[in-house]
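Each residue of the sequence shown is one higher than the one before, counting from 1120 in this note's numbering. Okay, structure first, notes after.
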Amino acid sequence: MKVLIVEDEQEMKDSIYQYLEIEKYLVEYASDYELAYEKIHLYEYDCILIDITIPKGSGLDLIKEIKTTRPKTGIIIISAKNSIDDKVDGLNLGADDYLPKPFYLAELNARIKALIRRNNFEGTNSIKLNEIEIIPEERKVLVNGSVINLTTKEFDLLEYFIINKNRVIQKNALVEHLWGDNADQFDNFDFIYNHVKNLRKKLLDANCTDYLKSIYGIGYSFKTEI
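So this is what it looks like as structure tokens:
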């Protein structure tokens, strides 16, 4: 899952970043409004953490922009401002949750997980699709009730495919989801083929239906509908 931190306080940003990386999130950050604005127009995020008071703009304006351009993105306000008006304004603009500073990182993690479950998994702790079950918090995948061993990237790929089932997903979207800002370092995205091939083989070896389809010249689709 991909998270963007919009926070200008260096120590706070670093502590959140390091904690969420340990929890296996793909994490990026922006220290001001302009950089955050650029990122939300370039990339998709599962959850964005926003401080209301940020340089070069307002966190409230950023929430409004996110809900206009990326309406399905989850938003949690993290702010030292205790004004009830700020909280109400942020929630009215479309933020999903509000966590006042200071807070425990474990609580922030729990709020992120709950938000992602609501947005992507209909509030449940697992994703079930026919013979496939994914338990995100344990990073576990079962096919026909048996656990299959996936690498970190294979797990993230499968989760992304299932969330976006029956949609055509371009290679660049896959790379951006799995590598974030580092996607810009690659000259081409051909290497994604090997990750998809390995994931498909492991699913087929577990007697899973062959859902993964290559769309020539574009990318892939996880087809569950004929």
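Here a beta-carbon is modelled for each residue, glycine too, at the ideal position from N, C-alpha and C.
With a cutoff of 8 Å on beta-carbon distance, Ile1231 and Cys1166 are scored as near each other.
Per the DSSP secondary-structure output, Tyr1217 pairs in a beta bridge with Ile1196. Here Tyr1279 is not near Val1315, since their CB atoms are 8 Å or more apart.
For Phe1341, there is no enclosing alpha helix (DSSP H); the enclosing beta strand (DSSP E) has its first and last residue at 1338-1341.
Contact annotation: the segment 1191-1207 does not touch the segment 1253-1268, with fewer than three C-beta pairs closer than 8 Å. For Ser1134, same chain residues with a beta-carbon under 8 Å away, outside a window of 5 residues either side, are Leu1224 in chain order. With a threshold of 16 other beta carbon atoms within 10 Å, His1296 meets it and is buried. Beta-bridge partners of Cys1327 (DSSP): none assigned.
Using a Cβ distance threshold of 8 Å, Val1125 and Ile1195 do not count as a contacting pair.
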